[in-house]
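Student: In the numbering used here, the protein residues as written are 13 to 426.
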Amino acid sequence: MRRTYDVVIVGAGVAGATAGLLFAQRGLSTLVVDKKQNGSHHKALCTHFVQPAARPVLRKLAIERDIERAGGVPTKAAFWTSSGWIWPDGDYAIAGSDGSLLAYNIERRILDPLLTRRLERAAGVTVELAQTVRSPNRLQDGSWMLVLENATGGIREIGGRFLVAADGRTSPVAAALGNELIMKKENQRTCLFGYFENVKAPVENRSLFLLGAQEMAFLYPLGRDRALLAAYVPKTSRIVGDEESKTNALKSIFAQFPDLPDLSSARLASRLYGYSDYPNLARKPVHNGVAYIGDAALSLDPMSGVGCAFAMLMADMLVESVAPTIATQPDRLDAALLEYVARFNKFFPAHASGIAADSIIVKSAATTDSVYRRITRNTYLQRLFIALTGRIIQPEEFQKAYLSIGLAQNRRSA
Ligand SMILES: Cc1cc2nc3c(=O)[nH]c(=O)nc-3n(C[C@H](O)[C@H](O)[C@H](O)COP(=O)(O)OP(=O)(O)OC[C@H]3O[C@@H](n4cnc5c(N)ncnc54)[C@H](O)[C@@H]3O)c2cc1C
C-alpha cells in the first residue's frame with residue numbers, strides 16, 4: 013500500500029529541512045526525502061554566512077541556541093571600500109535594536125547535520141535519506157505520486173497531497189515537470205575558498221568583506237582562531253595551480269587590503285573549494301501546483317551570501333501561505349499558492365536584480381568610488397548599507413536614502 017502524506021518535500025538541504033520543520037509545527041504529516049546517504053552529509057560548496065534576515069525564521073525553529081552551542085559565531089559584516097570602512101556600531105537593526113539581530117557564521121558540517129537531526133526528531137516528520145526521487149506524477153485528484161529509488165536500485169511509491177521542490181540549483185523536479193529557467197544572468201567572477209587556522213578573529217567577531225576594484229576577499233571568523241578565507245576574482249584572472257600556489261595566491265589577494273588580521277602564519281586546514289562559472293538562476297516559485305523553494309527557485313551569485321537565508325525565508329513564506337489550506341481546504345490550494353507567489357515577488361526580485369548586477373565587473377572605478385564615498389561619510393547610510401546586505405531592508409529603501417542624503421550634501425556644498 014502506498015503511504016500518502018499531507019506534504020512531500022524533495023530535498024533536505026536548508027530549504028527542505030526548514031520547510032519540513034515548519035510544516036510539522038502546523039500539524040501536517042510531512043515526508044522529507046533526500047538522496048544524501050546519511051544525516052552527517054553536508055553541502056561542502058558554501059561559505060555559510062547566514063544573513064540576519066533569516067533570524068526570525070531561526071527563532072521560529074527555536075534553533076539559535078543550538079547553533080551557538082554547536083559553534084556558530086554571531087557576527088556582523090564590515091566592508092572595506094576604496095573610501096574607507098563601512099563599520100557601523102550595533103547590530104543590523106535600523107531602529108529599535110536589542111543587539112540580537114546578527115548574522116551567523118555556521119559551518120555547513122555543523123548546520124546540515126543539526127537540521128537533519130531536528131527533522132528526524134520532529135513529531136509529524138518522516139525523513140527518508142538515501143532515496144532519490146524519480147518521476148513525480150500528478151494524479152487525477154490533484155495529489156502526487158512519486159517513485160523513490162534507493163542505493164541498490166530498489167523502488168517504491170509514495171503519495172502526497174502537496175509537493176515541494178527543495179532539490180537545489182539543478183532541481184530534477186523542475187526538469188521533470190518543465191519548470192524552465194526564467195532568468196540566467198552571467199556571473200563574471202570565479203571563487204576560491206578554504207578553512208584556515210591561526211587567524212585571529214577581527215574586532216567584534218566582524219566578518220570582513222574587502223571590496224577591491226575587481227577582486228573581492230572575504231574573511232569569516234569561525235571561533236578558536238579558525239576562519240574561512242574566500243576570494244572572488246574575475247574569470248580572466250582565475251586562480252590556478254597546485255594547492256600551495258593557490259593558497260599563496262588567495263593570501264596575496266588579502267595582502268592588498270589594509271587593517272587586516274595577520275595572515276602570515278595562517279595555515280590551510282582543509283582542501284580548497286571553488287567554482288569557475290556560477291550564473292544567477294531563477295525559476296517560477298510555483299509551476300503546475302508545485303512550490304519551489306531555495307536554490308530550486310533562486311540561485312544567486314554566492315558572493316552575496318544570501319542563499320541560506322533566502323532558502324529559509326522562502327520556506328517560511330510558503331508554509332505561512334499554504335499550511336492552513338492543505339489539510340482542511342484543498343480546493344483553496346491554488347489561491348494559497350498565489351499568496352506564496354505574491355510574498356515571494358514582494359521580497360526577492362529586487363534583491364535578485366541588484367545581486368545579479370553586482371556579478372558584472374565594473375569597468376570604471378569612478379562611479380563605485382563616489383558611491384562608497386557618500387556611504388562611508390554618513391553613519392545612517394552605513395547602517396542602511398549593512399541592513400541591505402543583511403537583506404533586512406529592500407534595495408529601494410537604501411536607494412531613496414542614498415539619493416536624499418546626496419541631494420542634501422550637494423545643497424550644503426553649493
Ligand atoms: C561557493 C558558494 C558559497 C556560498 N556561500 C553562501 C553564504 O556564505 N551564505 C549563504 O547564505 N549561501 C551561500 N551559498 C548558497 C547556499 O549554499 C545555497 O543557496 C543553499 O545551500 C541552498 O539550499 P537548498 O536547500 O535550496 O539547496 P541544496 O543545499 O542544494 O539542497 C538540495 C537537496 O536536494 C537533494 N536532492 C536533489 N535532487 C534530489 C532527488 N532527485 N531526490 C532526492 N533528493 C534530491 C540534494 O541531495 C540536496 O541535499 C553559497 C553557494 C556557493 C556555491
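Beta carbons: idealized from backbone N, C-alpha and C, even for Gly.
1. Would the beta-carbon of arginine 181 be found less than 7 Å away from any heavy atom of ligand 1?
2. Report whether the distance from the Cβ of tyrosine 290 to the nearest heavy atom of ligand 1 is below 7 Å.
3. For the beta strand (DSSP E) that contains phenylalanine 322, what are its first and last residues?
4. For a test of your reading of the model: does the CB of serine 282 fall under 7 Å from any non-hydrogen atom of ligand 1? Yes or no.
5. Counting Cβ pairs, one atom from each stretch, are 3 or more of them under 8 Å apart for the stretch 224–243 and the stretch 328–341?
6. Which value, in whole angstroms, describes the spacing of the CA atoms of alanine 339 and threonine 42?
7. Look at the alpha carbon of alanine 308 and the alpha carbon of aspartate 274, and state the distance between them as a whole number of angstroms.
8. Quick one: give me the first and last residue of the beta strand (DSSP E) that glutamate 209 is part of.
9. Around the C-beta of serine 257, are 16 or more other C-beta atoms found within 10 angstroms, so that it is buried, or is it exposed?
10. What are the start and end residues of the alpha helix (DSSP H) that includes glutamate 2?
11. Kindly identify the DSSP beta-bridge partner or partners of methionine 315.
12. Is any heavy atom of ligand 1 found at a distance shorter than 7 Å from the C-beta of threonine 59?
13. Helix, strand or coil, according to DSSP, for isoleucine 404 in the structure here?
14. Can you find a heavy atom of ligand 1 that lies under 7 Å from the Cβ of glycine 301?
15. Between the C-alpha atoms of aspartate 78 and tyrosine 207, what's the straight-line distance to the nearest angstrom?
16. At the level of alpha carbons, what is the spacing between proline 100 and phenylalanine 269?
17. Does the stretch 212–231 come close enough to the stretch 73–89 to have 3 or more Cβ pairs within less than 8 Å?
18. Report yes if the C-beta distance between valine 69 and threonine 30 is below 8 Å; otherwise report no.
19. Answer yes or no: the CB of proline 7 versus the heavy atoms of ligand 1, is any distance below 7 Å?
20. Who are the Cβ neighbours of serine 95 in its own chain at under 6 Å, not counting the five residues just before and after it?
21. Which residues share a DSSP beta bridge with tyrosine 285?
22. Please go through the stretch 142–204 and give each complete beta strand (DSSP E) segment of 3 or more residues, from N-terminal end onward.
23. In the DSSP output, what is alanine 89 paired with across the bridge?
24. Can you tell me whether serine 112 is buried or exposed? The criterion is at least 16 other CB atoms within 10 Å of its CB, across all chains shown.
25. I need the DSSP call for tyrosine 384, collapsed to helix, strand or coil.
26. Nearest CA to the CA of alanine 74: which residue from Trp97, Gly39, Gln49, Arg130?
27. Below 8 Å, can you find three or more Cβ-Cβ pairs linking the stretch 298–318 to the stretch 361–373?
28. Within 10 angstroms of its Cβ, does methionine 8 collect 16 or more other Cβ (buried), or is it exposed?
29. Just list the residues that DSSP pairs tryptophan 97 with in beta bridges.
30. Given a cut-off of 8 Å on the beta-carbon distance, is the pair glutamate 169 and methionine 157 in contact?
31. Could you name the residues of the same chain whose beta carbon sits closer than 7 Å to that of alanine 186, not counting the 5 residues immediately before and after it, in chain order?
32. Which of helix, strand or coil does DSSP assign to threonine 59?
33. Out of Leu204, Gly235, Asp124, which has the shortest C-alpha to C-alpha gap to glycine 286?
34. Is serine 371 near ligand 1, going by C-beta to nearest heavy atom under 7 Å?
35. Looking at tyrosine 287 and ligand 2, is the gap between the Cβ and the nearest heavy atom below 7 Å?
36. Any idea which residues DSSP pairs valine 45 with across the strands?
Tutor: Reading off the structure:
1. Here residue 181 corresponds to residue number 169 of the sequence shown, with the count starting at 1. Checking every heavy atom of ligand 1 against the Cβ of arginine 181, one is found closer than 7 Å.
2. Taking the first residue of the sequence shown as position 1, residue 290 is located at position 278. Yes, ligand 1 has a heavy atom inside 7 Å of this Cβ.
3. In the sequence shown, the residue the question calls residue 322 occupies position 310. Unbroken run through phenylalanine 322 is the alpha helix (DSSP H), 319–338; no beta strand (DSSP E).
4. The sequence position of residue 282 within the sequence shown is 270, counting from 1. Judged by the Cβ position, serine 282 fails to qualify as a neighbour of ligand 1 at the 7 Å threshold, every heavy atom of the ligand being at least this far.
5. Contact between the stretch 224–243 and the stretch 328–341 is absent, with fewer than three C-beta pairs closer than 8 Å.
6. Against the sequence shown, residue 339 aligns to sequence position 327. Against the sequence shown, residue 42 aligns to sequence position 30. Whole-angstrom Cα-Cα distance: 11 Å.
7. Here residue 308 is taken as the residue at index 296 of the sequence shown, counted from 1. Here residue 274 is taken as the residue at index 262 of the sequence shown, counted from 1. Roughly 39 Å between the two C-alpha positions.
8. The residue given as residue 209 occupies position 197 in the sequence shown. It spans 201–209 - the beta strand (DSSP E) in which glutamate 209 sits, taken as one unbroken run.
9. Here the question's residue 257 lines up with position 245 in the sequence shown. Exposed is the call here.
10. Look at the range of the chain in this structure, 13 to 426, and you will see that residue 2 is not part of it.
11. Working through the sequence shown from its first residue, we reach residue 315 at position 303. None, per the DSSP bridge assignment.
12. Residue mapping note: residue 59 aligns to position 47 of the sequence shown, counting from 1. Yes; taking the cut-off as 7 Å, the Cβ of threonine 59 has a heavy atom of ligand 1 nearer than that.
13. As a working note, residue 404 is residue 392 in the sequence shown. In the structure shown, isoleucine 404 sits in coil (DSSP, three-state: anything other than H, G, I, E or B).
14. On the sequence shown, residue 301 is found 289 positions in, with the first residue counted as 1. No, Cβ of glycine 301 sits at least 7 Å from all heavy atoms of ligand 1.
15. Translated into the one-based positions of the sequence shown, residue 78 becomes position 66. Translated into the one-based positions of the sequence shown, residue 207 becomes position 195. Those two C-alpha atoms are separated by around 22 Å.
16. What you label residue 100 is simply residue 88 of the sequence shown in a count that begins at 1. What you label residue 269 is simply residue 257 of the sequence shown in a count that begins at 1. Between proline 100 and phenylalanine 269, the C-alpha separation is close to 19 Å.
17. yes
18. Reading the sequence shown from its first residue, position 57 is the one you call residue 69. Reading the sequence shown from its first residue, position 18 is the one you call residue 30. Yes.
19. The first residue shown for the chain is 13 and the last is 426, placing residue 7 beyond what the model contains.
20. Here residue 95 is taken as the residue at index 83 of the sequence shown, counted from 1. Answer for serine 95: Tyr384, Arg385, Thr388, listed in chain order.
21. For the purposes of this step, residue 285 is taken as residue 273 along the sequence shown, with counting starting at 1. Tyrosine 285 is bridged to Phe205.
22. Within the stretch 142–204, the beta strand (DSSP E) runs of at least 3 residues that lie entirely inside it are, in chain order, 143–150, 156–162, 167–177, 193–197.
23. To locate residue 89, count along the sequence shown from 1; it is residue 77. Answer is Ser219.
24. Counted from its first residue, the sequence shown places residue 112 at position 100. Exposed: under 16 other Cβ atoms inside 10 Å.
25. Position 372 of the sequence shown, counted from the first residue, corresponds to residue 384. If DSSP states are grouped into helix, strand and coil, tyrosine 384 belongs with the helices.
26. Within the sequence shown, residue 74 is the residue found at index 62, counting from 1. Checked all of Trp97, Gly39, Gln49, Arg130; the closest Cα to alanine 74 is Arg130.
27. yes
28. Any answer about residue 8 is impossible in this case: the structure gives the chain only from 13 up to 426.
29. For the purposes of this step, residue 97 is taken as residue 85 along the sequence shown, with counting starting at 1. BP columns for tryptophan 97 point to Trp92.
30. Position 157 of the sequence shown holds residue 169. Position 145 of the sequence shown holds residue 157. Contact: yes.
31. Start at 1 with the first residue of the sequence shown, and residue 186 comes out as number 174. Correct list, in chain order: Ala177, Arg295, Tyr304, Ala308.
32. Along the sequence shown, read from residue 1 onward, the residue named residue 59 stands at position 47. Reduced to three states, the DSSP call for threonine 59 is coil.
33. Taking the first residue of the sequence shown as 1, we reach residue 286 at position 274. Considering only alpha carbons, the answer is Leu204.
34. Working through the sequence shown from its first residue, we reach residue 371 at position 359. Result no, Cβ not under 7 Å from ligand 1.
35. Absent from the structure shown: ligand 2. Ligands present: ligand 1.
36. Against the sequence shown, residue 45 aligns to sequence position 33. Note: valine 45 sits in a beta bridge opposite Val22, Glu140.
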